[in-house]
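Numbering (the working numbering), first residue to last: 537 to 1007.
Glycine is no exception: its CB is placed at the ideal position from the N, C-alpha and C atoms.
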Ligand code: ATP
Ligand code: MG
Ligand code: MG
Ligand code: MG
């Protein structure tokens, strides 16, 4: 079964059960400044769930473009290292706005997985929220799942909330046992473990309470359903391959990377990780640019820039020293543009943006990497393990290195970054630019802003702050 077929089976199944097929929304959330990117299928229905908006349907099915890089859900660092995480992925979901609730949602999910997709029922395990006896009973009595295959987990895994206040509720997740060889060394490794053995396929959220400011939970008059399942993950099971990157949604991109670099899959861990990172980031770049995000030094654009520069840095680590990302992005089109025709319309534009960014960054990447490598060599000689803040700042400021690129590079060397020193160097630069501003007239002070551009302060992965660069 191909990726396109697996997506279609999901949509058709719920259409057959009277769900309205709604198109994926853009990756850029509409009227939602609290969210960097759409990271789940429910985002486009937020106001429907809260009752602030009415639609002419009360059940829906989607295949939603999602990005989890930055913000509350950030999987950027996982990419390349786990079998199952991407920055960009497709979330398949069915939704009920007060129409059906737990029983039917669980029934649909079980029927589709075991009959529709033909998964081996004996390998499926579920988790429910520890106090959700109702969900436990449905799985046990209605579906007939043995007690030993139902885990009760806590808030962190099995309770979902839209925010600190508002709609929330328990959830139930369906996992598949991929076998011991995917497990970890933890003697307690079981459903809910962070390794790849108990692969989480599908999250069924039962929105049934409204949480108020003082924490009281009032039952919602119309309990609703929000579900999400990663297409790439079910595909890895359907195609019986070890990771999402071995499915037909990725193999042509992986092959293209290998061809360009003259490397083979699995040749070394380093090559394997780099190929996965590049394949993943090619997809994210294609889809983000298609939805109007452009590489820049702030907000969403900066996350895109970090993604692209990360791919380029990994490319260099396997010998790709000339622009290559636009070529791997092109392969993304051939796989995805039937399902997402918007890619076709913007193909030339996307390739241009990618190539521009590559050329710009490659100008400084080589010199920056030499500085970084020389610093590491120097540290080794001195038997030290911390990259000084001024070096990080110089790489960031002069060579355009997002901090996570440096982090990635030293990840396996046991070397840390002096982020306090980095912050201090940044603050110093800010102070310098402020004092310069004082001497200039008001009008003058703004001129350099436009000519020098705007810089971003890296403050951990969740926060991006703008700063004027007047140096
Ligand atoms: P995990 O525990 O594996 O990180 P999650 O609990 O963060 O997953 P949910 O927020 O419950 O994931 O999202 C619903 C579904 O979307 C997951 O069950 C999974 O199939 C899929 N999914 C989530 N994050 C990713 C990702 N980074 N890449 C690919 N698929 C994902
Ligand atoms: Mg996660
Ligand atoms: Mg999880
Ligand atoms: Mg989950």
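For residue 609, the distance from the CB to the nearest heavy atom of ligand 2 is below 7 Å. Contact annotation, residue 861 with residue 890: C-beta distance approximately 5 Å; criterion of less than 8 Å satisfied. Residue 958 has its CB no nearer than 7 Å to any heavy atom of ligand 1. The beta-carbon distance between residue 664 and residue 685, rounded to whole angstroms, is 11 Å. This is too long to meet the 8 Å contact definition. Chain-ordered, the residues whose CB falls short of 7 Å from any heavy atom of ligand 3 come out as 693, 709 and 736. If you compare the alpha carbons of 767, 964 and 909 with that of residue 538, the shortest gap goes to 767. When the beta-carbon positions are compared, residue 596 and residue 631 come within less than 8 Å of each other. Under DSSP, residue 665 takes part in a beta bridge, and its partners are 689.
When the alpha-carbon of residue 746 is set against those of 854, 808, 739 and 755, the nearest one is in 755. One thing to note: residue 904 has its Cβ no nearer than 8 Å to the Cβ of residue 925.
Cβ-Cβ distances below 8 Å link residue 748 to 701 and 754 in the same chain, with the five nearest sequence neighbours on each side left out; the list follows chain order.
In this structure, DSSP gives residue 591 a state outside helix and strand, which the three-state scheme calls coil. Residue pairing for residue 660: DSSP places it in a beta bridge opposite 712.
It is roughly 10 Å from the alpha-carbon of residue 689 to the alpha-carbon of residue 707. For residue 542, the closest alpha carbon among the candidates 773, 624 and 552 is that of 773. Counting along the chain, no beta strand (DSSP E) covers residue 854, and no H or E run does either. Secondary structure of residue 640 (DSSP, three-state): helix.
Closest in C-alpha terms to residue 728, from the list 761, 691 and 699, comes 691. The stretch 789-797 makes contact with the stretch 864-871: 3 or more CB pairs, one atom from each, lie closer than 8 Å. Taken through DSSP and simplified to helix, strand or coil, residue 779 comes out as coil. Bounds of the beta strand (DSSP E) holding residue 765 are 753-766. Annotation for residue 746: no alpha helix (DSSP H) segment contains it, though the beta strand (DSSP E) segment containing it runs 734-747. Put simply, of 742, 770 and 721 the residue whose alpha carbon is nearest the alpha carbon of residue 703 is 742. Exclusion of residue 614 from the 7 Å shell around ligand 4 follows from its C-beta lying no nearer than that to any non-hydrogen atom of the ligand. In the structure shown, residue 815 falls within a helical segment according to DSSP collapsed to helix, strand and coil.
Judged by beta-carbon spacing, residue 886 lies within the 8 Å limit of residue 825, meaning their Cβ atoms are closer than that value. Taking residue 899 as reference, the option from 877, 879, 849 and 928 with the minimal CA-CA separation is 849. Segment contact: the stretch 925-934 against the stretch 945-961, three or more CB-CB distances shorter than 8 Å; contact assigned. Beta-bridge partners of residue 556 (DSSP): 596.
If the five residues before and after residue 800 are omitted, its C-beta is found closer than 7 Å to the C-beta atoms of 794, all from its own chain and listed in chain order.
Ligand 1 has no heavy atom closer than 7 Å to the beta-carbon of residue 719.
The criterion of a C-beta distance shorter than 8 Å is satisfied by residue 778 and residue 619. Here residue 885 carries a helix assignment [DSSP, helix/strand/coil]. Taking C-beta atoms as the reference points, residue 660 and residue 649 count as a pair closer than 8 Å.
Per DSSP, the unbroken alpha helix (DSSP H) holding residue 797 starts and ends at 787-797.
Counting C-beta pairs closer than 8 Å gives fewer than three between the stretch 581-594 and the stretch 611-628, which falls short of the contact rule.
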